[in-house]
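There are 2 protein chains.
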Amino acid sequence: ISVDAVKPSDTFPRRHNSATPDEQTHMAKFCGFDHIDSLIDATVPKSIRLDSMKFSKFDAGLTESQMIQHMVDLASKNKVFKSFIGMGYYNTHVPTVILRNIMENPAWYTQYTPYQAEISQGRLESLLNFQTVITDLTGLPMSNASLLDEGTAAAEAMAMCNNILKGKKKTFVIASNCHPQTIDVCKTRADGFDLKVVTSDLKDIDYSSGDVCGVLVQYPGTEGEVLDYAEFVKNAHANGVKVVMATDLLALTVLKPPGEFGADIVVGSAQRFGVPMGYGGPHAAFLATSQEYKRMMPGRIIGISVDSSGKQALRMAMQTREQHIRRDKATSNICTAQALLANMAAMYAVYHGPAGLKSIAQRVHGLAGIFSLGLNKLGVAEVQELPFFDTVKIKCSDAHAIADAASKSEINLRVVDSTTITASFDETTTLDDVDKLFKVFASGKPVPFTAESLAPEVQNSIPSSLTRESPYLTHPIFNMYHTEHELLRYIHKLQSKDLSLCHSMIPLGSCTMKLNATTEMMPVTWPSFTDIHPFAPVEQAQGYQEMFENLGDLLCTITGFDSFSLQPNAGAAGEYAGLMVIRAYHMSRGDHHRNVCIIPVSAHGTNPASAAMCGMKIITVGTDAKGNINIEEVRKAAEANKDNLAALMVTYPSTHGVYEEGIDEICNIIHENGGQVYMDGANMNAQVGLTSPGFIGADVCHLNLHKTFCIPHGGGGPGMGPIGVKNHLAPFLPSHPVIPTGGIPQPEKTAPLGAISAAPWGSALILPISYTYIAMMGSGGLTDASKIAILNANYMAKRLEKHYPVLFRGVNGTVAHEFIIDLRGFKNTAGIEPEDVAKRLMDYGFHGPTMSWPVPGTLMIEPTESESKAELDRFCDALISIREEIAQIEKGNADVQNNVLKGAPHPPSLLMADTWKKPYSREYAAFPAPWLRSSKFWPTTGRVDNVYGDRKLVCTLLPEEEQVAAAVSA
Amino acid sequence: ISVDAVKPSDTFPRRHNSATPDEQTHMAKFCGFDHIDSLIDATVPKSIRLDSMKFSKFDAGLTESQMIQHMVDLASKNKVFKSFIGMGYYNTHVPTVILRNIMENPAWYTQYTPYQAEISQGRLESLLNFQTVITDLTGLPMSNASLLDEGTAAAEAMAMCNNILKGKKKTFVIASNCHPQTIDVCKTRADGFDLKVVTSDLKDIDYSSGDVCGVLVQYPGTEGEVLDYAEFVKNAHANGVKVVMATDLLALTVLKPPGEFGADIVVGSAQRFGVPMGYGGPHAAFLATSQEYKRMMPGRIIGISVDSSGKQALRMAMQTREQHIRRDKATSNICTAQALLANMAAMYAVYHGPAGLKSIAQRVHGLAGIFSLGLNKLGVAEVQELPFFDTVKIKCSDAHAIADAASKSEINLRVVDSTTITASFDETTTLDDVDKLFKVFASGKPVPFTAESLAPEVQNSIPSSLTRESPYLTHPIFNMYHTEHELLRYIHKLQSKDLSLCHSMIPLGSCTMKLNATTEMMPVTWPSFTDIHPFAPVEQAQGYQEMFENLGDLLCTITGFDSFSLQPNAGAAGEYAGLMVIRAYHMSRGDHHRNVCIIPVSAHGTNPASAAMCGMKIITVGTDAKGNINIEEVRKAAEANKDNLAALMVTYPSTHGVYEEGIDEICNIIHENGGQVYMDGANMNAQVGLTSPGFIGADVCHLNLHKTFCIPHGGGGPGMGPIGVKNHLAPFLPSHPVIPTGGIPQPEKTAPLGAISAAPWGSALILPISYTYIAMMGSGGLTDASKIAILNANYMAKRLEKHYPVLFRGVNGTVAHEFIIDLRGFKNTAGIEPEDVAKRLMDYGFHGPTMSWPVPGTLMIEPTESESKAELDRFCDALISIREEIAQIEKGNADVQNNVLKGAPHPPSLLMADTWKKPYSREYAAFPAPWLRSSKFWPTTGRVDNVYGDRKLVCTLLPEEEQVAAAVSA
């Protein structure tokens, strides 16, 4: 028998890469090539083609069981201490019904942003619930559907203050009672807007310069104090200064809400609402503001509208202010946010309800009160007199000695300075924990009482003036689902409305909706990865650290770069970080003036938005007839700005789905004129193993781990956008004020940027997904993945070209890993828009491709390597069938206004209505393809009215009476 | 602050028990009682009412996080050694996509047996796939949809041989090459049929007595040998003896299948097809036979039929031979089998496909070959010469010394006797493992080679005469879903067709479809529980053993009994075990003649079927007008048979949903006449904390852990049926031939029954579910559960009584935890049967109650305590709305044949058909209640034609061409 025959059988690449060798050859021949490799050779320009890629570790790829064992070994190197560190990260009981049915459920985590509302009503309702939780608890009427973390949310609020005052006031004041990571992120961000950040104690804040646009305070403070901000806000407003409050949702169930102080903007993290700390993330942050500033809010916002039959339907509202439309004028570069974590936090609020949340808050406050009383009785330390919610500040002779004693009992305290400690209590703290703390602080002296015995003596430390009176979460949704069966059914009711990768391929161009394999996802919910605080001593997280080292090496090999930062926690955050590193590099060479950024017109909206955030002057260059970047325009722009050129932002292969031949020449032009090349990693799925940004000539690139490297899209996040750099940029990779970090592998010299995310390694908890993907695929499996992704795209382009013109092709007539089909012709011949085709695809059981980007009037299709030939054929058959339906309109057999495309999608309620007035049959609308007879995913609404939704903007749950009225009218 | 305010907040009872205190009082008042306790006092007879229940452990109930921590501690006491024990249990790689999307997915594990085919087509298709895997691999044309384990499957085959020969031949021969546990289970079972089991070596088997009905052989043998049975079978048939072969599915991918030897019946376990060993179970066993004996097969069988519009639809076929219809004449007492595990094994075959399975088998055989070659080269032991598949038999000087050396390297070998060891290789074995084994056997001597280096020298040890030639698993379903995306979508496609507790309450009377909470389910897939071999030394499973001890104590407190056996792995198995213990007790007192068993006519079908299996003479007693057992008839029957009376089988509260007042008197009558009282545990949900079988006077009872104690129904299994006994019966609780076991707590004297399941503690892996339920609820939570279950039933009865007559009530006009509504009147007034109401309920999004049992023409409703008042009201509203629909027929406003009930269920394909010829509107058929507009679960077929299905019996996947033809004709 051969040795291979006895090698382990549970290999992974064949489960991820769909096409079998026979299918690969069959499809290559269909595209006119005798073998997949000849197609690849004709597609990837020789000049940039890597001959091979080799990993120092996992080169052959681990099997699925070997991978699980490796992660078990890593997990065993993480020590889970009981955390009282606080600072925005708290232990929480993730209700297991939410853990299993959302965080571990592919029907909730494999969708992307709800672009197609009619097949996304489930997560849209849950995100609306999230917005209602935020508006109710903060006391401000408008909230978005999640931001990346508390630090960047505060920075977005700072930018809003700058915009509200039209950039006329250039100073932003931050009170020293804010979390240190928030202060640092704001400082880094301010740099880009040439805003000046001034930090000062609350009592010393001074607006007399007349140049202050906004002030940020923390409520409760980072050291726990709960202060009355009524006067503070009045005074700020009197000076024309906007007030931003960073706050804590659990505290707001018992504290007077910021809205009632008159705060203008409120930010914070929803982590402690049932989302694990995960060594830094992912968590859903929030931003709420008044009606007045709603059009300046960053991020996605969900709104209520109606569908074609007048029934209530939800959608993404006010998209015109977002980056994919307003580009460099956008309010922010946010694209992928934290949808999955916002849904978990919203369901936590639904499951506990107002009374449940309040009892958790009172319990946490009670335990903190017992601890404070106990310490006073012990007389070993002096407890801060000010009112607190969950965090007790202690003055003591030797803070480090106490912290060391605590860590012997596997407890982490926060050492503020050599004589100050804070202890933050949370939902998981028990009376035993408090007794343990007494022993630590008593350092050997007997403790003459127990925590339980002190309870009756403890008073509520929150003054009545700051005690919350106003009701919250009164809507039925927060008061109906408090048993596990009821919440299970509510979760499944919403799940049944959302199409996901559990139903069919989702060919969204430049989103790379590939397989999120179960083995990759399993470690994400293991306690040794979920329950570690981001600021825990690094020795307690050696499993994570070893993974970061390995992942850094692997990503450097894949990208041809020398060092990686894992801190940026979304694609857009990675772009911003990459440009800021370039900026720091130029500054380090005295080139402060180098602020010009050349960006092709076809670049993703987040590119110009990110450049704007770095204060760069954007010069847009066009593309030639073949859709490639116009090299001459680049040369001209580079030379014209050679003294001030900072960077070129380029996506490769191009956002037109083509391997431009002159990419290496373009890089040379930029370098010759003193610029740096920033490469957007959105299309890395066409590079891995075949070429690399470093090899092509880029200086820095960001990766979208939630695209190329299998982190699931989560319904709109979480994402991760680490950046790789060549050596000369490595010193500038961001560090962190609490836990120093930087490039992996570590560069010799470091002159790091300030933090660009609140946590040192961004959303660390989801890094195991990309790590296991790379380690199981090995270098060969990853290279095959890129080849098959390109083969699959070319096979679909070939099948469709007779029916839909393929807009751009490479020199040898092939496309890269995605391609654009041109629908512009149908506008005149049949009055058909890309949206009509996307809505009709829903009736065939498919999510549409990317609409009208990068070229208006087109659809961009990206199949990825994990879709089988059968699924590619099924999608092509659907588009071809729709093409025939368009032909009927063109031939006049179908009415231009009232046809099966304009009427799409057709939900069951429409198809089963007693009266059917459409000029086409019910069955043709419902079952236009044979496979739909055996099982079909039904859209749940008719087409959603976007105009109505933006005109009558409602972004929280309708009060019950209105809801009933809306339902009755439907 | 109060001490309670700082107690942990993640308590469990409020998540399981639905009704809040206010709702309890409101519902009690609705039923005419001022408080829930007064309703309970009026319902549970004073004479049998317990005043309280107190646990020695977990009395107050652990919180969810405390429970998880406790299970983590127990798991850490289990040592997972690498098992080479074999004997029917093998390590296997559970594909993680199946682990997460079936074994950890409430949408697959919360349904019950597919009684209502139109809302169960998903798992019906998967079970049909299972039957096709079994028929293809065994080479016999008919397979059932799973049995409990290999041992009981062999015993069922023995009973078939007895029935085939009409009981005229009373000897069954078992070859000594069968697994020891199989031999022991058959011996115990034969006792009941007064069959004689003779074990002998293959070569000494002698049919000359003319009294042999069947012979059982193992292929490959328990010590690994692969023999040619061609001659053996011919010889048996020549003597009129039926041949039963116990076999191994993985072996049959490379070995000549039993069907091709002419075997009559083939049995075995599908465990190694992706189902964890779980310290003994649950696993799906199988039984296949020829067309000739199909009507004598035990268990559920899935068949293909058509629905009302002629489209292919699946259903449970040949039900008339099952216990719920043929009672004591049934072919077996099997009810709940192992559906969830059969679905996992079927999906394993779908995911690997024929080539994949064969490569796993060849790899396993290759590793065994390398081991055998290596041992020969080492010269330390003598390897058996006979051909083998995966198990190598070794002769050595001191087997125990080698086994001890092995356990030092955390390896378990099988010690057959002091000089014989076998080592079984499986899918998870690696070359490193084989090298480790060489070191163990070399006991210190150097090993001059590696496993890998030997590979080229290894020959295939299977002779060509026994090498499989015939193809298998050729159907497209086994060849289309080999990537993770494709299998994920196939699993979700089937899932979307099945209604489960994720959608709505399933009020099946006497099935207790209560919450299967996520926290209870999580430990079931932890490696320290899944990866332990049932015959591993008990010291390696101390976590399990401690749990068994605790669970035994808790169950004794709940039932008022003295000792528990956890071995019976289904409800029916528990009934059989209980009666066999009674039988052994009588025999121990010389009362061999005591074989009369009194059974009320209203008893569950499994009762008489189990009594028949114990060779008991069944005397049926009637019920009085109020539905209670006729006490005088019992007295008369008991006294008439006082010399031969063995037992009474009684269910309490009665299967009519009423607490009979005279139950303690009935127990006395039986005891006075020398009989024992066996109590069926099906209705324990109305007893826990309020009364108990022991307190009432029963001697033995079985519990359905998959009903009262939260093990999910799994789509038709797994179940667990442990039995509790009073002291005098404790000595007879079953032991096990390989790992001795018995009652927990252990009785002083033991005279144990032989094994009644193949594994010492039955399906040990799912015991954590019931254990965590009891430990989190505590005695108070469990008692409240019973009260609320009774309250919920009475509330529904009260709401429905004006619309449907409630058939039986207790003395104070209340019902127990379930009740029967009488539909018999509608047959004449509207031509309506219970089935019509059940099918119409599907259009309202509900699974129907239990139909026509225990009383024909009725529906039995059991809500359980975990359904909220809102859900109870919704179900009542649906039934009341259906009552109005019936009234329309009664008033002549609707046609008796062509009305909305007779037409139900209405699948989308029907509702959207272009032509609609029904006399009622589409919308009335589709949306008869307001809640259906916001989200609805759609039945996927019209009503299934049961008669057609049994006439044209097809119980495997149709070959593709026929399938296409069927689809086209639809």
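The listed protein sequences derive, respectively, from chains F and C.
For what it's worth, the working numbering labels the leading residue of the first sequence as 41, then goes sequentially.
For what it's worth, the working numbering labels the leading residue of the second sequence as 41, then goes sequentially.
We put the CB at the ideal spot given by N, CA and C, even for glycine.
By the criterion of Cβ-Cβ separation under 7 Å, what are the contact partners of residue 427 of chain C in chain F?
Within 7 Å Cβ-Cβ: nothing; residue 427 of chain C doesn't reach chain F, min ~15 Å.
Against chain F, with Cβ distances strictly below 8 Å, would residue 67 of chain C count as a contact?
no
Could you check how far apart the C-beta atoms of residue 71 of chain F and residue 834 of chain F are, in whole angstroms? I think they sit under 8 Å.
In this structure residue 71 of chain F touches residue 834 of chain F by the C-beta definition: roughly 5 Å separates them, less than 8 Å.
Between the segment 731-745 of chain F and chain C, which residues of the former have CB atoms less than 7 Å from a CB of the latter, in chain order?
Hits within the stretch: zero.
Can you check whether the C-beta of residue 40 of chain F is within less than 8 Å of a C-beta belonging to chain C?
Limits of chain F in this structure are 41 at one end and 1010 at the other, which puts residue 40 of chain F out of reach.
Residues in the segment 410-423 of chain C having any Cβ partner in chain F nearer than 9 Å
410
If we cut at 8 Å on Cβ distances, does residue 335 of chain C have a partner in chain F?
no
Under three-state DSSP, which class holds residue 640 of chain C?
strand
Strictly by DSSP, which residues pair up with residue 848 of chain F?
None, per the DSSP bridge assignment.
Leaving out five residues before and five after residue 397 of chain F in sequence, what residues of the same chain have Cβ atoms less than 6 Å from its Cβ?
293
Which residues in the same chain as residue 123 of chain F place their Cβ atom closer than 7 Å to its Cβ, once the five residues preceding and following it in sequence are excluded?
Contacts found: 131, 452, 573 and 576.
In chain order, what are the residue ranges of uninterrupted alpha helix (DSSP H) at least 4 long that sit wholly in the segment 763-788 of chain C?
none
From C:79, C:56 and C:92, pick the residue whose C-alpha is nearest to that of residue 851 of chain C; which is it?
C:79
Less than 8 Å between the CB atoms is what I'm expecting for residue 225 of chain F and residue 612 of chain F, so what's the real figure, rounded?
Contact doesn't hold; Cβ gap of about 15 Å is too wide.
Cβ of residue 507 of chain C within 8 Å of any chain F Cβ:
Chain F, which has no Cβ nearer than 8 Å to the Cβ of residue 507 of chain C, makes this no.
Put residue 265 of chain F into one of helix, strand or coil per three-state DSSP.
strand
Ranges of the alpha helix (DSSP H) found wholly within the segment 520-595 of chain F, counting only runs of at least 4:
524-535, 558-561 and 567-570
From the beta carbon of residue 680 of chain F, is the nearest beta carbon of chain C less than 8 Å away?
no
Say whether the segment 106-119 of chain F touches the segment 577-584 of chain F, bearing in mind that this needs 3 or more beta-carbon pairs closer than 8 Å, one atom from each stretch.
yes
If the criterion is Cβ atoms closer than 8 Å, does the pair residue 151 of chain F and residue 755 of chain F meet it?
yes
Along chain C, which residues have their Cβ under 8 Å away from the Cβ of residue 186 of chain F?
The contacting residues do not exist; residue 186 of chain F stays about 24 Å from chain C at best.
How far does the beta strand (DSSP E) with residue 236 of chain C in it reach, from first residue to last?
236-240
Presumed contact (8 Å Cβ cut-off) between residue 606 of chain C and residue 893 of chain C, rounded CB distance:
The pair is not a contact, with the Cβ atoms about 29 Å apart (cut-off 8 Å).
Starting from the beta carbon of residue 402 of chain C, find every residue of chain F whose beta carbon is closer than 7 Å, and list them in chain order.
45
Give the interface partners of residue 266 of chain F over in chain C, defined as CB-CB distance under 7 Å, in chain order.
Under a criterion of Cβ atoms nearer than 7 Å, no residue of chain C is adjacent to residue 266 of chain F; the nearest Cβ is some 17 Å distant.
Are the beta-carbon atoms belonging to residue 939 of chain C and residue 803 of chain C less than 8 Å from one another?
The Cβ atoms of residue 939 of chain C and residue 803 of chain C lie no closer than 8 Å to each other.
Just the Cα atoms here: how many angstroms apart are residue 684 of chain C and residue 594 of chain C?
35 Å
For residue 243 of chain C, the nearest candidate out of C:253, C:233 and C:257 (CA to CA)
C:257
Neighbour-count burial assignment, residue 505 of chain C, 16 or more Cβ in a 10 Å radius
Exposed, by the Cβ-count rule.
Could you compute how far the alpha carbon of residue 843 of chain C sits from the alpha carbon of residue 931 of chain C?
15 Å
Beta-carbon proximity list for residue 771 of chain C, same chain, < 6 Å, skipping 5 on both sides
If we look at residue 771 of chain C and ignore the five residues flanking it on each side, its Cβ neighbours are 787, 789, 790 and 791.
Quick one, are the C-beta atoms of residue 599 of chain C and residue 748 of chain C less than 8 Å apart?
no
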